[in-house]
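Undergrad: Residue numbers (the working numbering): 18 to 584. Built from N, CA and C at the ideal position, the CB exists for glycine as well.
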Amino acid sequence: MASASTTTSAGLSLSHLLDRPAWNLPQWHGPHADELNGVVDKLGDLDFSLALLQRYRNALRPIHRLAPDILLLIFQGIAEEEDGPLHPSYGSAPWVYLAHVCHRWREIALTCAALWTRLSTKYPDAALACLERSADASLSLIVSASATTEAASQVINAALPHAARIRHIYLPSIFMEEADLREPLETILRSPAPALEALHVYKVGMDGDCFALPTMFDRHTPRLTTLRLAYAYPEPGSLTYTSLKRLFIKGKKRKPISMEVSQLLDILEACPELEELRTCKATFTSSAAADSRPPLRLDNLRVLDISRCSASVVADLFSRLAVPDCATRFSVSLERAADFTFRFGLPDNLEETGHLPEITRLHIEYTSANDVVVIHGTTRTSPFQILAAIPQDSDIGEMPTVAGHLLLSIVRTLDLSLLEEFTISETYYHRAHLGFTRRRWIEVFERMPLLKELHIRIDSINDAGFSRAILAALATPGEVTGRLLCPNLEVLTMTNDKTWSTLQCYLLAQQRAEHGHPIKRLSMRLPCYENFEDIEDTDIPALRKIIEVVDLDPPLVMRVPFPEVSW
């Protein structure tokens, strides 16, 4: 028996087991029999030892050499990527598979409070686990429109003692009209929220009109910095706005939000720290109460984005704000004044208000088939963009018939004294424009004394364009001074504009060179320069005698990027 025990022990040693050809294990080749000499216990010990060795090997891998703090940051990034606030799985902890990888990952995932901060009324069990493991970490709560009343009540009642830790709250836009949602929320919406930093009312299909926020959290939200509202709008007494930095208001397409300008100014006056204001599908109406108010100062404003509103009201609102040079975007309905000038969202006395000063880059982009013009560019510090569309029921007419008059309204309104780059383009139209005469272009270029680059872009099925009148204006001496316009102009690029000839361009370059204002680069793309075998067969060599660089590859004219936000 002693000999058998020794043999068994030797056969089950680690060194022997690593040499598989020499295996001579009990019952390996024989019939099944009762356990001999604790073989099963020994194998269990070996399983445990191998598991420990596997854990040791995992610990030697590069990913496991990272400090716990670094690994935690990676886990948080994965959790945020896979669990966005409006994702159906938000609050269900879908990232928990990380805890199944190894003992170390499981220990970090289960003990790190920062990973257990997302509560959803849709997943009550996961929410209760988060409350248990989150320690004193800040919480985010989303009230799901699809959650049952029982589940919502369970989560909200459990979260109520932790209200001082809630930093983000997401409410569906139907929380006021659905009793099943409103009743569980009443208690928490009446309680102060001293740590609340962001309140989101997210879009859910609803039949009712957009609504004003009621008084919430006992008006005690001293740390609220972000207010994002869909189908809702704030009231001066709804919340505490003293720390608010971002305000987003979005209405419904067929039932937009309607507010008086004075009401909006009251809200903005309560937001001295506001940095970003965006409204969409919200109409503002002028009011006598706003006429007597001094301009409202918002010294920290960085983004002003107002869309789908009338041009005159936006201009009125803009003139009532005293803000620094900030990123500005308006989307408005074009309006015509009695003197056949146009309102496109900017006040007539723009220079007096101090808005959009020192514009250095300007792009006027017509999309005449859709009756739209987009004006975008940059000042020395910030981008701006204005989209003006002719309303369908308007008596203004079609864009091709008013484009010339509209151009004058634009350049007369903007401060172009420091403009260096100007682009005029047409992206989609079927009719020739009216009103782009040489005399009109002379008035345009008189307002651009420092212009260096001029780009003309046409995408047309006919032979219309701007270039003939533009080149004629640039070759016309002033009636009083006898000097040519835009003396700093050096770069001229044209694409698909068929209204000019290279002879006209040659004569322009020759005339400007004689006056000491040579054009240094001409870049063009025209059908007449397609499919030639030898460049000497074209008039390009003649152009290069008077213009330093002549090529057939005009650069792309990119839109000025504007800071976007996901609604």
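According to the neighbour-count rule (16 or more other Cβ atoms, all chains shown, within 10 Å of its Cβ), is D62 buried or exposed?
TA: exposed
Undergrad: In whole angstroms, what separates the C-alpha of E460 from that of P466?
TA: 11 Å
Undergrad: Would you mind giving the Cβ-Cβ distance between L208 and P231, rounded to the nearest angstrom? I have them listed as a contact below 8 Å.
TA: The sequence given here has Ser at residue 208, not Leu. Between P231 and S208 the Cβ distance is about 14 Å, and since that is not below 8 Å, they are no contact.
Undergrad: Taking D333 as part of the alpha helix (DSSP H), name the residues at either end of that continuous run.
TA: 328-336
Undergrad: Are there 16 or more other CB atoms within 10 angstroms of the CB of Y73, so buried, or fewer, so exposed?
TA: exposed
Undergrad: Between which residues of its own chain and W458 is the CB-CB distance below 7 Å, once the five residues before and five after are set aside?
TA: A486, I487, A490
Undergrad: For C297, which of helix, strand or coil comes out of DSSP?
TA: strand
Undergrad: Pull up the DSSP beta-bridge partners for F359, would you.
TA: R353
Undergrad: To which residues of the same chain is T519 closer than 7 Å at the C-beta, ignoring the five residues directly before and after it?
TA: Cβ neighbours of T519 beyond the five flanking positions: D556, L560.
Undergrad: Could you say which of P289, V278, V113 lies nearest to T257 if we only look at CA atoms?
TA: T257 has its Cα closest to that of P289, out of P289, V278, V113.
Undergrad: Roughly how many angstroms separate the alpha carbons of V567 and G495, rounded to a whole number?
TA: Approximately 28 Å between the Cα atoms of the pair.
Undergrad: Ignoring anything shorter than 4 residues, give me the alpha helix (DSSP H) runs that lie fully in the region 410-435, in order along the chain.
TA: Counting only unbroken stretches of 4 or more residues, the alpha helix (DSSP H) elements lying wholly within the region 410-435 are 416-430, in sequence order.
Undergrad: So H15 is in the alpha helix (DSSP H); what residue range does that whole segment cover?
TA: An answer regarding residue 15 cannot be provided, because it is not within the stretch 18 to 584 covered by the chain.
Undergrad: Mind checking which residues open and close the beta strand (DSSP E) that includes I183?
TA: Segment 183-189, the beta strand (DSSP E) holding I183.
Undergrad: Among K269, R353, N513, L433, which one has its Cα closest to the Cα of H422?
TA: R353
Undergrad: Grouping DSSP H, G and I as helix and E and B as strand, with all else coil, what is P102?
TA: coil
Undergrad: List the DSSP bridge partners of E460.
TA: Among the bridge pairs identified by DSSP, E460 is matched with none.
Undergrad: If I'm right that A212 touches F228 with Cβ under 8 Å, what's the distance once you round it to whole angstroms?
TA: That pair is no contact at about 26 Å.
Undergrad: Kindly indicate which residue of T204, E194, N548 has the alpha-carbon position closest to the one of G225.
TA: E194
Undergrad: Ordered along the chain, which non-local residues of its own chain (more than five positions away) have a Cβ less than 6 Å from that of Q527?
TA: The answer, listed in chain order, is I563.
Undergrad: For R199, does the count of other Cβ atoms within 10 angstroms reach 16, so buried, or fall short, so exposed?
TA: exposed
Undergrad: Please check the pair R319 and E292, which I expect to be a contact at CB under 8 Å, by giving their CB distance rounded to whole angstroms.
TA: 5 Å
Undergrad: Around the C-beta of R295, are 16 or more other C-beta atoms found within 10 angstroms, so that it is buried, or is it exposed?
TA: buried
Undergrad: Assuming L471 contacts L509 under a Cβ cut-off of 8 Å, what Cβ separation, rounded to an integer in Å, is found between them?
TA: 5 Å
Undergrad: Would you check if the distance between the CB atom of V330 and the CB atom of T358 is smaller than 8 Å?
TA: no
Undergrad: Excluding sequence positions up to five away, which residues of its chain have a Cβ less than 7 Å from the Cβ of T24?
TA: At T24, the pLDDT of 47 sits below 50, so the modelled position is not reliable; the number obtained from the coordinates is stated separately. Nothing listed; no residue qualifies.
Undergrad: When the Cα atoms are used, what is the spatial distance from V577 to D322?
TA: Taking the CA atoms as reference points, V577 sits about 15 Å from D322.
Undergrad: List in chain order: all unbroken alpha helix (DSSP H) runs of 4+ residues lying wholly within the region 480-539.
TA: 484-491, 519-531
Undergrad: So, are the CB atoms of I427 and L351 less than 8 Å apart?
TA: Not closer than 8 Å, so no.
Undergrad: Please classify F347 as buried or exposed, where buried requires at least 16 neighbouring CB atoms within 10 angstroms.
TA: buried
Undergrad: Helix, strand or coil: how does DSSP classify D283 here?
TA: helix
Undergrad: Do I159 and P102 have their CB atoms nearer than 8 Å?
TA: yes
Undergrad: If you reduce the DSSP assignment to three classes, tell me which class G108 lands in.
TA: coil
Undergrad: Do you know how far the Cα of I403 is from the Cα of T498?
TA: In this structure, the CA atom of T498 is about 35 Å from the CA atom of I403.
Undergrad: Residues in its own chain within less than 8 Å of T396 by CB, not counting five upstream and five downstream?
TA: D342, L373, P374, E375, I376, T377
Undergrad: Would you mind giving the Cβ-Cβ distance between A126 and F92, rounded to the nearest angstrom? I have them listed as a contact below 8 Å.
TA: 6 Å
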